[in-house]
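Notes follow once the structure below has been shown.
Protein chains in written order, with the working numbering: chain A, 1 to 276; chain B, 1 to 266; chain C, 1 to 388.
In structure tokens, the structure reads:
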């Protein structure tokens, strides 16, 4: 079959991406090489400014650690939930709907509520106080606990996406296979490890890749919970450059470096691809 | 073992309902209570004042209509674009690899980097600030495509190619085989994809903020109210936003459960 | 046959696109779009004021309340595209320099009557390579404190330190790395006799030594606080004193927190008196405004004497017009009103952004990294001299 015709059904997708993705991305890259002050192009001024800023390097470190932790938690959590709720548990229809609720809440609202939960005088500390414990500083900048609080909040919000992806994959596993294994006397854990998990591998890899790329661009969660300097990542750093200093070029430079970082970090997965 | 599983799931469900509960509580209690110390888990005074002031504070009806329209159009556009692509990706590894890379490219730049050029593009093409949110659902499609593609492709992969072969041997065209054999079998994936795309568009506010200045969907309105320190009003709008969101979930959820045709030849 | 496959899908999308284009390209009633940073509680009053203009001029005005940052973003996007929707924007004084290229200057002749009535300092802040912005409302900072807890606000620096010691963790600065921090720093530098231009003059050294003394008693999240988050912390009772702009008093009033227990007070007196920083909202007409002439008429209306008096009376705004009396904002705005004569503009120099950044970094080094104030300031000054 002629190769081009094979691509035809994908044509709308490719055309769409060319118009709405390639052009803005190229613009962003061009902007990163344009000196904001003089309008000179090409110029490395933005990169020099950004790499000379201590906050940038903290943002870079944060942008590796935070997404890694978030993806680990959300994939593990999503998998556990999908497996638990694929089985015949009572009330699982309702439970499935409930599990998706954090993602159904608009991000702005969810994060504001979380700010009220983890504030020094928030719901979490109120619960601790009622149980007789001392209040905890959940979101103070520079502390390790802050990192884990942010991870927990973001994972809380996005785990439903992984859950839905894996649930759909699980639903596609033919019942016969599970039945056959059960009849062979395999316990639940063995069934999971030797049958379910391998069948889920493509879906899991897709989930890790997709969620990894999204987690690398994490933005609203650290910004709203800790501000642009509390737990910096590259997207909040770019926003900070743009919003506080009006420096479009530096913001674009940081964004381009984030794109580069994303490619580098996901390269092993990218090369393997998500095709089985 | 089953009991442990049930307990775990119930604990997670409780944790997941917590933000929802707080939003509802803040929506129906006076603003002052949202700042009380110690914070009240249950409402002390129930009131509808937030809901009543809402109409003066922001353009709520317009926002609701626009959000719904944009979300529906995003689902339609995303599925229209992603379905054929996902189908061909599931059938032809070469195309699959190419599309994979293309969609990864879509996830590399943070939204803020793309927002201004996309806004400029919308303006030049005349889709900026449209009362129908035309530029906006096209932007939301960008955000939704990778997820929809992934979920749909997973669905098509689990439908054996032999079924389509069989249909073609019986005289159906490729398109016919697709419509009548494969498509019905990927209903769980279609449901999951629609749900995710709807939520992505319904809740998205980065592009909404930038592409719609006077005709604003609901998320920028929530953001405005939150930023200006009105948790009660913001929560009232959020509670309003939850109704269709949860509705969509409940409607589409049974489709997820539908076990796929016990396929032969996988 | 692949056409059969693809066409039904594409048909749906195509029809949707066609329908949308038809509707959006239909001619709409001409109307002005003004983006102003208004609180939800201020919106009805402002819309009423604008309605007077609509009746008098026959034009329709759509007022869009947004945050300053979002207005700036929309302005930037429209500038890149070369056309847009916004006819009038209000920006805060922080953002004027970076937004200046997108806003076209007024001809002095067009706005002569306003220039005569407006405060010269305020107008100068809006003059960037031409008269691009006119002051819409003035603002300056005052102390915002919890009256129920503190009773009396601190009157001078030693009293402020005593308050911080008595309530550890409950005094906060807006310590995020942004212009708002400079607005917290400069009043203390000026109150100690410093010029604000020189990083290590006697006044600056005195002020930063005072910051070092306060540092151990500040709220732990001061390093990330900005106006909205510090205001929120106060609403929750986590802090009892901070510096902020007049808008927070309206905010607290709508939350039921002002005038009891939250009130305003003048900044504490330093070795050389009191001072505070000039700020506020400025109006500009974007270069891409579709209805420039009409927008100019709206500007005339908004800066007119009776409208400014109305806004001052009903919203407690401080008018840039010299002939509008400061409204009696009651106990809530008393602190602000008392500081009117001590308001100073920030240093007007081309490298102000760099200078401001040095103040911010110096403050953060002294207060959050506990470094020696004299050493930090001298180092900053020599860096500045070297870069010049």
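Backbone N, C-alpha and C fix where the C-beta goes; we use that ideal spot for every residue, glycine too. Since this is a predicted model, take the numbers as computed values, not measurements.
What separation, rounded to the nearest whole angstrom, lies between the Cα atoms of residue i and residue j?
i	j	result
residue 245 of chain C	residue 149 of chain B	49 Å
residue 318 of chain C	residue 68 of chain C	18 Å
residue 126 of chain A	residue 38 of chain B	6 Å
residue 25 of chain A	residue 109 of chain B	7 Å
residue 379 of chain C	residue 113 of chain C	47 Å
residue 107 of chain B	residue 214 of chain A	7 Å
residue 197 of chain C	residue 46 of chain B	54 Å
residue 61 of chain B	residue 102 of chain B	38 Å
residue 4 of chain A	residue 82 of chain B	18 Å
residue 368 of chain C	residue 47 of chain C	44 Å
residue 345 of chain C	residue 219 of chain C	28 Å
residue 391 of chain C	residue 21 of chain B	Because chain C here runs from 1 to 388, residue 391 of chain C falls outside it and cannot be looked at.
residue 441 of chain C	residue 351 of chain C	For residue 441 of chain C there is no data in the structure shown, the boundaries of chain C being 1 and 388.
residue 111 of chain A	residue 137 of chain C	32 Å
residue 211 of chain B	residue 167 of chain B	46 Å
residue 180 of chain C	residue 186 of chain C	10 Å
residue 142 of chain A	residue 241 of chain A	20 Å
residue 267 of chain A	residue 257 of chain C	54 Å
residue 10 of chain A	residue 170 of chain B	26 Å
residue 235 of chain B	residue 102 of chain A	14 Å
Please tell me whether residue i and residue j are closer than 8 Å, where the distance is taken between their beta carbons.
i	j	result
residue 218 of chain A	residue 137 of chain A	no
residue 293 of chain B	residue 123 of chain B	An answer regarding residue 293 of chain B cannot be provided, because it is not within the stretch 1 to 266 covered by chain B.
residue 136 of chain B	residue 208 of chain B	yes
residue 217 of chain C	residue 91 of chain C	no
residue 29 of chain B	residue 43 of chain B	yes
residue 99 of chain C	residue 213 of chain B	no
residue 354 of chain C	residue 124 of chain C	no
residue 312 of chain C	residue 324 of chain C	yes
residue 83 of chain A	residue 192 of chain A	yes
residue 32 of chain B	residue 255 of chain C	yes
residue 249 of chain B	residue 207 of chain A	no
residue 373 of chain C	residue 208 of chain C	yes
residue 114 of chain A	residue 225 of chain A	yes
residue 376 of chain C	residue 384 of chain C	no
residue 87 of chain B	residue 178 of chain B	yes
Just verifying my parser: in three-state terms, what is the DSSP assignment at residue i?
i	result
residue 136 of chain C	strand
residue 106 of chain C	coil
residue 195 of chain C	coil
residue 74 of chain B	helix
residue 276 of chain C	strand
residue 318 of chain C	strand
residue 288 of chain C	coil
residue 16 of chain A	helix
residue 247 of chain A	coil
Would you say residue i touches the ligand FMN, meaning its beta carbon is less than 7 Å from a heavy atom?
i	result
residue 227 of chain C	Of the ligands one can find in the structure shown there are none, so the ligand FMN has no counterpart to examine.
Out of the options, point me to the one whose CA is closest to residue i's CA.
i	options	result
residue 331 of chain C	C:360, C:283, C:365 and C:266	C:266
residue 90 of chain B	B:234, B:248 and B:182	B:182
residue 222 of chain C	C:278, C:242, C:163 and C:205	C:242
residue 152 of chain B	A:168, A:244 and A:35	A:168
residue 286 of chain C	C:277, C:279, C:296 and C:320	C:296
residue 35 of chain C	C:338, C:50, C:45 and C:71	C:71
residue 219 of chain B	A:157, A:108, A:41 and A:27	A:108
residue 252 of chain A	B:115, B:100, B:59 and B:6	B:115
residue 273 of chain C	C:194, C:310, C:225 and C:384	C:194
residue 260 of chain A	A:245, A:249, A:239 and A:234	A:234
residue 240 of chain B	A:124, A:106, A:158 and A:21	A:106
residue 203 of chain A	B:154, B:68 and B:134	B:154
residue 361 of chain C	C:110, C:148, C:141 and C:184	C:184
Item checked: Interface positions of the region 67–92 of chain C facing chain B (Cβ-Cβ less than 8 Å), listed along the chain -> In summary, the residues of the region 67–92 of chain C whose CB is separated from some CB of chain B by less than 8 Å are 67, 70, 73, 74, 76, 77, 78, 80, 81, 82, 83, 84, 85 and 86, in the order they occur in the chain.
Next item on the list: Could you please tell me which residues of the region 119–131 of chain A, in chain order, have their CB closer than 7 Å to any CB of chain C?
Entry: Cβ contacts with chain C: 119, 120 and 121.
Margin query: For the region 252–263 of chain C, list every residue whose C-beta sits within 8 Å of some C-beta in chain B, in sequence order.
Written below: If the cut-off is 8 Å between Cβ atoms, the region 252–263 of chain C has 254, 255, 256 and 257 near chain B.
Checklist line | Members of the region 164–181 of chain C near chain A, C-beta cut-off 8 Å | finding: Close to chain A, meaning a Cβ-Cβ distance shorter than 8 Å, are the following residues of the region 164–181 of chain C: 176, 177, 178 and 179.
Item checked: Contact set between the region 263–283 of chain C and chain A, restricted to residues whose Cβ is under 7 Å from the partner -> Within the region 263–283 of chain C, contact with chain A at the beta-carbon level (separation under 7 Å) is assigned to no residue.
Notebook entry, point to check: Which residues, in order along the region 203–217 of chain B, keep a beta-carbon less than 7 Å from a beta-carbon of chain C?
Noted result: If the cut-off is 7 Å between Cβ atoms, the region 203–217 of chain B has 209, 210, 213 and 214 near chain C.
Item checked: Members of the region 235–264 of chain A that neighbour chain C once the beta carbon cut-off is set at 9 Å -> Legend: CB atoms of the region 235–264 of chain A lying less than 9 Å from CB atoms of chain C belong to residues 240, 242, 243, 244, 245, 246, 247 and 248.
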